[in-house]
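When we follow numbering that gives the first Met the number 0, the leftmost residue of the sequence shown carries the number 0, and every step to the right adds one. Ideal placement from N, C-alpha and C gives every residue a C-beta, glycine not left out. Contents: one structure, followed by commentary.
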Amino acid sequence: MAESVYKIIELVGTSAESWEKAAEAAVSKAASSLRDLRIAEVSELDMQLDDGKVQAYRAKVKVSFKYEGD
């Protein structure tokens, strides 16, 4: 296997329905502007609350992709 370098960025996805959909939203958005995504790791889950009720699920996701810069 040839040597490669990967960059990792951190994103926060949100969803009114679930953490899974929040994580999927983050990966989907990243995929629309980055090439060669390799790994997505959920690093943190939380919820946005209003008056004690869940308003949104949030997933912090680390996404890696092959680095092609100089």
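Beta-carbon proximity of residue i to residue j, cut-off 8 Å
i, j, result
"K20", "S42", "no"
"G12", "A30", "no"
"S63", "R37", "yes"
"E40", "K65", "no"
Where the beta strand (DSSP E) containing residue i begins and where it ends
i, result
"V60", "52 to 65"
"S14", "5 to 14"
Alpha carbon of residue i to alpha carbon of residue j, nearest angstrom
i, j, result
"E2", "S27", "27 Å"
"R57", "L44", "6 Å"
"E16", "K6", "30 Å"
"Q54", "A22", "16 Å"
"D50", "W18", "20 Å"
"V4", "K52", "43 Å"
Point to revise | Continuous beta strand (DSSP E) assignments of at least 3 residues falling wholly in the segment 21 to 48 | key: Fully contained in the segment 21 to 48 is no beta strand (DSSP E) run of length 3 or more.
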